[in-house]
Amino acid sequence: MPSREILKRRFRKAETMLRLMPSPPARCHREARRLRHCARAQRDLRVAPGCSASTFGDVVARAVAARGTALLDLRPVPRERFPGLMARLEAAGHDPARTPIPIAPAAHFAIGGIVTDLDGRTGVAGLYAAGECAATGVHGANRLASNSLAECLVFGRRAALAALDDLGRATPASPRSHPAAAAATTEPLPPLPDATLRAAVWAGAGIVREAEGLRSLLAAGHPLVQLVAAAALARRETRGCHVRVDFPDQDPSFDGRHLVVGPEGTFHVEQWS
Numbered sequence: 324m325p326s327r328e329i330l331k332r333r334f335r336k337a338e339t340m341l342r343l344m345p346s347p348p349a350r351c352h353r354e355a356r357r358l359r360h361c362a363r364a365q366r367d368l369r370v371a372p373g374c375s376a377s378t379f380g381d382v383v384a385r386a387v388a389a390r391g392t393a394l395l396d397l398r399p400v401p402r403e404r405f406p407g408l409m410a411r412l413e414a415a416g417h418d419p420a421r422t423p424i425p426i427a428p429a430a431h432f433a434i435g436g437i438v439t440d441l442d443g444r445t446g447v448a449g450l451y452a453a454g455e456c457a458a459t460g461v462h463g464a465n466r467l468a469s470n471s472l473a474e475c476l477v478f479g480r481r482a483a484l485a486a487l488d489d490l491g492r493a494t495p496a497s498p499r500s501h502p503a504a505a506a507a508t509t510e511p512l513p514p515l516p517d518a519t520l521r522a523a524v525w526a527g528a529g530i531v532r533e534a535e536g537l538r539s540l541l542a543a544g545h546p547l548v549q550l551v552a553a554a555a556l557a558r559r560e561t562r563g564c565h566v567r568v569d570f571p572d573q574d575p576s577f578d579g580r581h582l583v584v585g586p587e588g589t590f591h592v593e594q595w596s
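Under my numbering, the letters of the sequence shown match residues 324 to 596, in that order.
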């Protein structure tokens, strides 16, 4: 099996190839990168010297959240280039051809997901994960949109090939299996978080985090919410898109280390090479 460093090189090569493809979806953001707040220019959202269209999403998200309102100017973008997007905006009552569109930070840039090996295998035999639902280690502490697109192609293909290979085995390979995995999969799934709980998670464990808000989620009653809060409390540092205002610096003891939740519901620290 190739090392993570070898796969990272393949990953970067795939990303370079994707940049040569015509009209990838992320180009909509590159073409309409001008963010506006009321009548102010894009420079008002710059939060650091040199902030530009390539700035990490979490930096821009924090700036938008701090300002409270931001507008994305799609007027220069040809309607025919992104017909689906334009149609959905118009259906929601916006006119992207005439006025900038209000935007808000999203949580898709947060790092984490189902731990897999380099072929998409998880701790449950026969279950594979690829894309933003998976934690592969190739992103580090942040995620760029174009990287996510390359990730889907690279790891989607590897997971598909692994699944085909496992079809011929009496017992599918599951290199990350745990003794409690089989028992854990028989437990009923908790209900989806309602709007009130989602709002509480956004407030307590969203773009900017601190101990008081995270502790308030430990009693939320939803296992996923409690695990997110507990893991964020344990990582007493700021790294990438995990921002703790009470711990603004990186902790070197967490370099290359990941908090992993096992099927028993507790988490431990793993060193990934």
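Just so it is clear, CB atoms sit at the ideal spot from N, CA and C, and this is done for glycine as well.
Just so it is clear, the structure is predicted and the values come from calculations on it, not from any experiment.
Looking at the unbroken beta strand (DSSP E) that takes in Glu593, where does it start and where does it end?
Looking at the DSSP string, the run of the beta strand (DSSP E) that includes Glu593 is 590-594.
What residue range does the alpha helix (DSSP H) around Ala528 cover?
Under the DSSP assignment, Ala528 falls in the alpha helix (DSSP H) whose first and last residues are 518-528.
Which residue or residues does DSSP assign as beta-bridge partners of Val438?
Ala458, per the DSSP bridge assignment.
When Arg385, Ile424, Val382 are compared against Val400, the one with the closest alpha-carbon
Measuring C-alpha to C-alpha distances from Val400 to each of Arg385, Ile424, Val382 identifies Ile424 as the nearest.
At which residues does the alpha helix (DSSP H) containing Val531 begin and terminate?
Per DSSP, Val531 belongs to no alpha helix (DSSP H) and is neither H nor E.
Do Val548 and Val568 have their C-beta atoms within less than 7 Å of each other?
No; because the gap between Cβ atoms is not below 7 Å, this pair is not in contact.
If you run the structure through DSSP and keep just helix, strand and coil, what is Arg421?
Correct three-state label for Arg421: coil.
Considering only DSSP beta bridges, list what Phe478 is partnered with.
DSSP output for Phe478 lists no bridge partner at all.
Would you kindly report the start and end of the unbroken alpha helix (DSSP H) that includes Arg411?
Arg411 -> alpha helix (DSSP H) spans 406-414.
Give the C-beta separation of Cys456 and Ile434 to the nearest angstrom, bearing in mind that I take them to be a contact with Cβ-Cβ under 8 Å.
12 Å between Cβ atoms; not a contact.
So, under 8 Å CB-CB, Glu560 and Asp572 are touching, yes? Tell me the CB distance rounded to an integer number of Å.
Confirmed, Cβ separation roughly 7 Å.
Alpha carbon to alpha carbon, how far is Asp574 from Leu582? Give it in angstroms, no decimals.
Approximately 14 Å, taken between the alpha carbons.
C-alpha distance - Pro428 paired with Ala483, whole-angstrom precision:
The alpha-carbon atoms of Pro428 and Ala483 are separated by roughly 32 Å.
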